[in-house]
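Read through the structure below, which is laid out as structure tokens, and then see the notes.
Protein chains: 2
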Amino acid sequence: MARKTGSHADITGPKVRDAALRLFARDGFAATSMRRIAAEVGVQAGALYLYTPDKQTLLFDLMRGHLEELLADWQPPAGGPLAQLEGFARHHIQFHLDRPELVFIAYMELRNLEPQNFTVIEALRREYETRLEDVLKAGVAVGVFAVPDTKLATMAIIAMLTGVTTWFRDGGRLDRTAVEGIYWDMVRKAVAAR
Amino acid sequence: MARKTGSHADITGPKVRDAALRLFARDGFAATSMRRIAAEVGVQAGALYLYTPDKQTLLFDLMRGHLEELLADWQPPAGGPLAQLEGFARHHIQFHLDRPELVFIAYMELRNLEPQNFTVIEALRREYETRLEDVLKAGVAVGVFAVPDTKLATMAIIAMLTGVTTWFRDGGRLDRTAVEGIYWDMVRKAVAAR
DNA sequence: TGTCTATCTGAACGTATGTTCAATTCAACC
DNA sequence: GGTTGAATTGAACATACGTTCAGATAGACA
Chain A
434 MARKTGSHAD
444 ITGPKVRDAA
454 LRLFARDGFA
464 ATSMRRIAAE
474 VGVQAGALYL
484 YTPDKQTLLF
494 DLMRGHLEEL
504 LADWQPPAGG
514 PLAQLEGFAR
524 HHIQFHLDRP
534 ELVFIAYMEL
544 RNLEPQNFTV
554 IEALRREYET
564 RLEDVLKAGV
574 AVGVFAVPDT
584 KLATMAIIAM
594 LTGVTTWFRD
604 GGRLDRTAVE
614 GIYWDMVRKA
624 VAAR
Chain B
434 MARKTGSHAD
444 ITGPKVRDAA
454 LRLFARDGFA
464 ATSMRRIAAE
474 VGVQAGALYL
484 YTPDKQTLLF
494 DLMRGHLEEL
504 LADWQPPAGG
514 PLAQLEGFAR
524 HHIQFHLDRP
534 ELVFIAYMEL
544 RNLEPQNFTV
554 IEALRREYET
564 RLEDVLKAGV
574 AVGVFAVPDT
584 KLATMAIIAM
594 LTGVTTWFRD
604 GGRLDRTAVE
614 GIYWDMVRKA
624 VAAR
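Chain order of the listed sequences is A and B. 434 is the number of the first residue of the first sequence in my numbering; add one for each residue after it. 434 is the number of the first residue of the second sequence in my numbering; add one for each residue after it.
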């Protein structure tokens, strides 16, 4: 019978994931060793393989989980394209500021994914971009937005919004709500008709 | 006497730099070995140390050279803030699309810099940001721009413009000039007074 | 109390790492 | 044609890597 009280599997598993998240974000996937992760968890390297088949899967699961949560967490709200775009922008900033390490990894470590894993992650990312582009297309169709190219505007907006994670720190000059408002203002103006 | 004809130092040196640039961009600094760089150059690993004191300096020199060239290549043109902002935006896109590998490295490999090297690179980067912020401040002062926070607008604009390197490919649906124009249009609108 | 088994250790595997350096090569000069 | 010295080789150094696995450990059940 499996141990209940005193069983460590339910504790060690998440610990491994958390340690990998923190170390991959800080030092990079290639520069993080399994022994270093194990030390962080308080266990020998061999024990990690009870919780992940290999190092690559550890990275892949972090990325996939992140993007799946991102997709599950935001659906276009009822309302016109302008309200939908505002919802997207504000949610994007909140979601990303809440998970700076995952955001960092999901972008920086793409090249360390094996081909079939990369394909999966890339598809999830494109799905997210399509959500925004659909909002922009709808807005252009009804004349609320004026953008020469919705695909390009999609990339520009996401790059701009995601960039907030590179400099924002809690306790700084501006709080999250203020930052969110200022970014939304720039996005709104950038795609505005007229 | 040093060999002139037949001397390889003037050839091998740049080759080392180019191979490092290409491999760091493709596989990452941590995942690139000195032996791999040497193989690309067509030389044994030991020979690399005639051209660089160590691997870290190879990375640092690439980054510093890139940022120093960026700073040397653009000075605010004569004219009002709007013309200066347009100059900045168009130059930023051109410069970055011309050097996708250096751009990639200069952002991705920051964490692999030793502390004193990081300090130098960070100062150069901040100098570049200040150039843009000064333009924005001047525009706000004369009422040409309306941005609630020039520092934040600086970061947003740079993130948006630099993002073009992540998706743009020559021979795609839009050429460089078209992309440059569309991005400039969004930047202009995003900070416009009105 | 004794058995079971999930959990973990610790050593080992082959391979790779950045860097150093004595020895070698070979084109250019006297 | 012999000498010079810059350019390069190739082996060696200590250390680290991801992964495997036989064996030890210890909490839960009978």
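Think of the CB as a built atom: it goes at the ideal place given N, C-alpha and C, for glycine as much as any other residue. These figures come from a predicted structure and were not determined experimentally.
Go through its chain and collect everything with a Cβ distance to Thr465/A's Cβ below 7 Å, but skip five positions before and after it.
-> Answer for Thr465/A: Leu456 and Phe457, listed in chain order.
With a threshold of 16 other CB atoms inside 10 Å of the CB of Arg436/B, please say whether the residue is buried or exposed.
-> Reliability of the predicted coordinates at Arg436/B is poor, the pLDDT of 41 falling under 50, and the value obtained from them is presented with this limitation in mind. Exposed, because fewer than 16 other Cβ atoms sit within 10 Å of the Cβ of Arg436/B.
How would you label Gly572/B, buried or exposed, when you count the other beta carbons within 10 angstroms and need 16 or more for buried?
-> Buried, because 16 or more other Cβ atoms sit within 10 Å of the Cβ of Gly572/B.
Three CB pairs or more closer than 8 Å across the stretch 497–512 of chain B and the stretch 549–558 of chain B | Contact holds: three or more Cβ-Cβ distances are below 8 Å.
Between the stretch 517–535 of chain A and chain B, which residues of the former have a C-beta closer than 8 Å to a C-beta of the latter?
-> Those residues of the stretch 517–535 of chain A that come within reach of chain B (Cβ to Cβ, closer than 8 Å) do not exist; the list is empty.
Segment contact, 8 Å Cβ cut-off, at least three pairs: the stretch 526–536 of chain B with the stretch 470–478 of chain B = Taking a cut-off of 8 Å on C-beta distances, the stretch 526–536 of chain B does not touch the stretch 470–478 of chain B, as fewer than three cross pairs fall below it.
If we cut at 8 Å on Cβ distances, does Ile628/A have a partner in chain B?
-> One cannot answer for residue 628/A here, as it falls past the ends of chain A, which runs 434 to 627.
If Val577/B and Gly513/B are in contact, beta carbons under 8 Å, what's the gap, nearest whole angstrom?
-> That pair is a contact at about 7 Å.
Candidates Leu483/B, Gly461/B and Arg468/B, of which the one nearest Gly441/B by Cα = It is His, not Gly, that sits at residue 441/B in the sequence shown. Per the Cα distances, Leu483/B.
My understanding is that Thr598/A touches Val536/A, with C-beta atoms under 8 Å, so please give their C-beta distance in whole angstroms.
-> Taking 8 Å as the upper bound for CB-CB distance, Thr598/A and Val536/A are in contact here, some 5 Å apart.
Backbone secondary structure at Ala453/A - three-state DSSP = Ala453/A falls in the helix class under three-state DSSP.
If we ignore side chains and look at the alpha-carbon of each, how far apart do Thr490/B and Asp506/A end up?
-> If you take the alpha carbons of Thr490/B and Asp506/A, they lie about 43 Å apart.
Residue-chain proximity (Trp507/B, chain A), Cβ-Cβ < 8 Å = Output row for Trp507/B: interface = no.
Looking at Ile538/A and Leu495/A, is the spacing between their C-beta atoms short of 8 Å?
-> Going by C-beta atoms, Leu495/A is nearer than 8 Å to Ile538/A.
Local Cβ density within 10 Å of Val575/A, reported as buried at 16 or more and exposed below that | Burial state of Val575/A is exposed, judged by a 10 Å Cβ sphere holding fewer than 16 other Cβ atoms.
Per DSSP, what kind of secondary structure is Phe578/B in: helix, strand or coil?
-> Strand, per DSSP.
With which residues is Ala463/A paired in a DSSP beta bridge?
-> According to DSSP, Ala463/A bridges with nothing at all.
What residue does the alpha helix (DSSP H) around Leu504/A start on, and which one ends it?
-> For Leu504/A, the enclosing alpha helix (DSSP H) stretches over residues Lys488 to Asp506.
Pro533/B - containing alpha helix (DSSP H), residue span = That run of the alpha helix (DSSP H) goes Pro533 to Met541.
Measure from the C-beta of Asp582/A to each C-beta in chain B and report whether the shortest distance is under 8 Å.
-> By this cut-off, Asp582/A is an interface position.
Can you name, in chain order, every residue of its own chain whose Cβ lies under 6 Å from the Cβ of Ala453/A, other than the five neighbours on each side?
-> These residues qualify, in order along the chain: Ile470 and Leu491.
Tyr616/B - containing alpha helix (DSSP H), residue span = First-last of the alpha helix (DSSP H) with Tyr616/B: Arg609 to Val624.
Between which two residues does the alpha helix (DSSP H) carrying Val597/A extend?
-> Unbroken alpha helix (DSSP H) run through Val597/A: Val597 to Trp600.
Asn545/B and Phe462/B closer than 8 Å at C-beta = The answer is yes: Cβ separation under 8 Å.
Can you list the residues of chain A that Ile615/B reaches, using a CB-CB cut of under 7 Å?
-> Those are Pro581, Asp582 and Leu585, listed as they occur along chain A.
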